[in-house]
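Here's the structure we're looking at; comments come further down.
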Amino acid sequence: VVSQGALTLDCLKGLELCRWPGRRQIEKDNPGDGGAENITFYLDGAHTPESMLCCSKWYQGATKLALEASSPSSGERWLMFNCMRDRDPNVLFEPLQTNHGGDGATGGAHTMGFDRSFF
Numbered sequence: 614v615v616s617q618g619a620l621t622l623d624c625l626k627g628l629e630l631c632r633w634p635g636r637r638q639i640e641k642d643n644p645g646d647g648g649a650e651n652i653t654f655y656l657d658g659a660h661t662p663e664s665m666l667c668c669s670k671w672y673q674g675a676t677k678l679a680l681e682a683s684s685p686s687s688g689e690r691w692l693m694f695n696c697m698r699d700r701d702p703n704v705l706f707e708p709l710q711t712n713h714g715g716d717g718a719t720g721g722a723h724t725m726g727f728d729r730s731f732f
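To convert, note that position 8 of the sequence shown is 621 in this note's numbering; the numbers rise steadily by one, no gaps.
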């Protein structure tokens, strides 16, 4: 992209260093701050069917890695994402019900293995 003149080296460096909270963000609750133990929040600002598909694939990969590193009963996984007024939650939720390769995440009541989801 840089060699084609679409981005300068400064822009490329800025993108490499960019941190975008709320996009593919994983946070663990902190019992020391009055939070619950063993809850992991998966946050993503996806708000279109295409971005929900990306979110779904990311979530499955992230939870699969987490489960491989611990036992399936090691805590709850909460998926949080954005659903604005003008969006259809049924359309946005659809990619979350799909296994995107491999065995996906296990546990919970859904194919994707989250215990709760929040729009």
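Beta carbons are placed, not taken as given, at the ideal position from N, Cα and C, and that holds for glycine.
Note that this is a predicted model, so its numbers are computed, not measured.
Distance from the Cα of Ile639 is smallest, within the candidate group Gly647, His660, Ala679 and Glu707, for Ala679. Between Pro708 and the set Glu629, Arg690, His660 and Met697, the nearest pair of CA atoms involves His660. Cβ contact annotation for Lys670 (same chain, cutoff 7 Å, sequence separation greater than five): His713, in chain order. Going by C-alpha positions, Leu666 is about 18 Å away from Arg729. In the DSSP annotation of this structure, the continuous segment of the beta strand (DSSP E) that includes Ser730 starts and ends at Arg729 to Phe731.
Between Gly688 and Asn651, the C-beta spacing is below 8 Å. Looking at Gln617, Arg637, Cys631 and Pro702, the one whose alpha-carbon comes closest to that of Trp691 is Arg637. Trp633 is bridged by DSSP to nothing; it lacks a bridge partner.
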